[in-house]
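The numbering of the sequence shown is the numbering used here, which starts it at 16 and goes up by one.
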Amino acid sequence: MILRAAKITDAKDIYKLIEFYANKGEMLHRSLNAIYEDIQEFIVIQFSNNIIGCGALHISWEDLAEIRSLAIAKQYQKNGFGKQIVERLQISAKLLNVRKIFTLTFKPNFFIKLGYSIITKESLPHKIWSECVNCYLFPDCGEIALSKSISI
16 MILRAAKITD
26 AKDIYKLIEF
36 YANKGEMLHR
46 SLNAIYEDIQ
56 EFIVIQFSNN
66 IIGCGALHIS
76 WEDLAEIRSL
86 AIAKQYQKNG
96 FGKQIVERLQ
106 ISAKLLNVRK
116 IFTLTFKPNF
126 FIKLGYSIIT
136 KESLPHKIWS
146 ECVNCYLFPD
156 CGEIALSKSI
166 SI
């Protein structure tokens with residue numbers, strides 16, 4: 016297993032992972048174009064030349080970042096790979112002097128186990144909603160907002 020920064024050549028595999036869960040209603044869709052544009056935000060887990068996990072850290076504001084697009088291939092779940100990705104993204108946030116990380120998810124229990132707390136969506140800055148307003152599920156997508164403070 017290799018945990019590394021994503022490369023342009025990983026974009027289609029990242030897209031397939033996200034689409035698998037988005038089609039099941041377990042996460043939101045991301046276009047292939049958006050993944051290419053944001054490829055520098057992604058990290059992946061590679062196993063035998065296959066991408067089996069991904070996640071991204073998106074800077075939202077001066078001291079706020081979002082963990083998004085976290086997905087682990089079904090056959091590799093329950094092995095701690097999601098936790099490894101989140102921990103690596105938290106390290107990246109800390110290195111950038113980000114003080115608070117949030118996520119919007121349909122699976123809040125995973126993040127609660129990692130020390131995140133449920134918050135109201137209204138407590139997040141309006142800037143984060145710039146992508147949400149274009150989503151077909153807006154304004155009631157059902158995602159739960161969680162956050163965690165990072166000590167720098």
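Note that beta-carbon positions come from the ideal geometry of N, C-alpha and C, so glycine has one too.
Here the structure is a predicted model, which means the values were calculated and not measured.
Sequence-distant Cβ neighbours of threonine 135 in its own chain, meaning closer than 7 Å and more than five residues away, are Ala160. The alpha carbon of alanine 80 has as its nearest neighbour, out of Lys122, Glu158, Leu110, the alpha carbon of Leu110.
Glycine 40 sits exposed, since fewer than 16 C-beta atoms from the chains shown fall within 10 Å of its C-beta. Between isoleucine 67 and isoleucine 60, the C-beta spacing is below 8 Å.
Non-local C-beta neighbours of proline 123 in its own chain, meaning closer than 7 Å and more than five positions away in sequence, comprise Ile133, Ile159, Leu161, ordered along the chain.
In the structure shown, leucine 161 falls within a strand segment according to DSSP collapsed to helix, strand and coil. Look at valine 59 here: in three-state DSSP terms it is strand.
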